[in-house]
Amino acid sequence: MTTQLTPLNPAEIAESLNLKPFQGKQIFRWLHQKQVFDFDRMSDLSKDLRKRLTEECAASQLELVRMSASPRSNGTKKALFRLADGETVESVLIRDRERTTLCLSTQVGCAVKCAFCATGLSGYTRNLNPGEIVEQALYLLQDEKLGEKTPNIVYMGMGEPFRNYDATIKSIKLLMAPEGLGIGARRITVSTAGEVKGIERFASEEWQVRLSVSLHAANDELRTKLVPLNKKYPIEVLMKAIRDYVEQTGRQMTFEWTLLDGVNDSPQDAEELIGLATRVKAMVNLIPYNPVSGLGFAPPPLDRCQAFRDALEEAGVNATLRRERGQDIDAACGQLRRQHLATA
Ligand code: SAH
Ligand code: SF4
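Residue numbering for the sequence shown follows the working numbering, starting at 26 and increasing by one per position.
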């Protein structure tokens, strides 16, 4: 049987292949720090070990189908991967003046089916394993020269991370491992549509990984339409979980709010959001909608987005308005894959 190496940490690699601990670390370093998947290039391993690895192990579970780079969005690039069973997932690398951010997927499709989301549209197929999640980052970083600047990681690609909790947590630990990318917990953000059980579990993790909750609406009637998970966990239930999380961890969390023209962008919507954000001292991340054909939503005009942000700021809520980075290469979650499925 082939051993998949990327879901394993250095100790697990050593154990599963019956190697010395330092050899587990060497192999892990090649995969994670140098992003080398070819065993023959792992030059500090003995010839015998390289041969054995080639025979018994798989260095990579993903196959890169397409990498689209966008000159207009200053080097944002988006990768489409094929998994061993033929399914596809996508990830994005976004360059800012300050940092590089990698946006990773946790599932093939998504069962939450938010009304405006391309991923939800194609339904849920399966969970990714920790190696399939981490490899997205490794492939995106392959030709990047970041030097000392470790990237930020956001779990905002396809899928609902808290419906694939264990693999998500394991993948975070792999990304943080000092023999690998060594990414600091504060540089990692997990985004959930409001899976309360996951928020409760996340509160007891002993680290500073950040939590982001996709709110999009601050009253139950609208939120249930946009995020059907709201039927199971209405806003007050969600707010209680968030309050407990903030109390238990002392960490500030973020609300995400995808701005949809004429749907959730009015002064009244801002007012309701201010109420909820103030209660839990949340920051707010405003994302102008990236249109998905056939779903009937549009982003508000820029001045309306700015007015919404200003209303939050004036009320003392820390809000950022994200530019639509990489829109010209369809950098919103689920969209490249959808295109691929449509043309396949
Ligand atoms: N499933 C998780 C994480 C993935 S989506 C979640 O929903 O939080 C990451 C963020 O992108 C979510 O806030 C989601 O609502 C938002 N999003 C999805 N499709 C979008 C689109 N077409 N335009 C703008 N934001 C979108
Ligand atoms: Fe799933 Fe998030 Fe898309 Fe909603 S927005 S369908 S939870 S991926």
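For every residue, glycine included, the Cβ atom is placed at its ideal position computed from N, Cα and C.
Beta-ladder partner(s) of residue i, from DSSP
i, result
"ASN310", "GLU281, THR345"
"LEU118", "LYS102, LEU127"
"ARG107", "GLU88, THR113"
"SER216", "SER237"
"ASN177", "THR126"
Rounded distance between the beta-carbons of residue j and residue i, thought under 8 Å
i, j, result
"ILE213", "TYR270", "Actually they do not touch by this definition, with Cβ atoms about 16 Å apart."
"GLY219", "VAL234", "Actually they are not in contact, since the Cβ atoms of GLY219 and VAL234 sit about 18 Å apart, beyond 8 Å."
"ALA210", "GLN161", "In fact, because the Cβ distance is near 19 Å, the residues do not count as touching under 8 Å."
"ARG75", "ASP65", "6 Å"
"ILE260", "MET278", "In fact, because the Cβ distance is near 15 Å, the residues do not count as touching under 8 Å."
Residue span of the alpha helix (DSSP H) that contains residue i, given as start and end
i, result
"SER196", "190 to 201"
"GLU81", "72 to 81"
"VAL238", "No alpha helix (DSSP H) contains VAL238, which is instead part of the beta strand (DSSP E) from 235 to 239."
"ARG159", "The residue asked about is misnamed: residue 159 is Val in this sequence, not Arg. Run containing VAL159: 155 to 166, per the alpha helix (DSSP H) assignment."
"PHE53", "46 to 53"
"GLU37", "35 to 42"
Spatial distance of residue i from residue j (CA atoms)
i, j, result
"ALA84", "THR150", "24 Å"
"LEU320", "LEU70", "52 Å"
"ALA94", "THR101", "6 Å"
"MET67", "LYS50", "12 Å"
"PHE322", "LYS256", "21 Å"
"MET308", "GLN132", "26 Å"
"ALA332", "LYS138", "29 Å"
"SER41", "PHE53", "13 Å"
Three-state secondary structure assigned by DSSP to residue i
i, result
"VAL221", "helix"
"ILE208", "coil"
"ASN315", "coil"
"LYS59", "coil"
"GLN303", "Looking at the sequence shown, residue 303 is not Gln but Thr. Correct three-state label for THR303: helix."
"MET92", "strand"
"ASN271", "Reading off the sequence shown, one finds Val at residue 271, where the question assumed Asn. Reduced to three states, the DSSP call for VAL271 is helix."
"ASN255", "helix"
"ARG276", "coil"
"THR28", "strand"
"MET264", "helix"
Limits of the beta strand (DSSP E) - the one that residue i falls within
i, result
"CYS135", "Careful: CYS135 lies outside any beta strand (DSSP E) and carries neither H nor E."
"CYS128", "125 to 128"
"ARG151", "149 to 152"
Short CB-CB distance (under 8 Å) between residue i and chain C
i, result
"LEU165", "Among the chains of the structure shown, chain C does not appear; only one protein chain is present."
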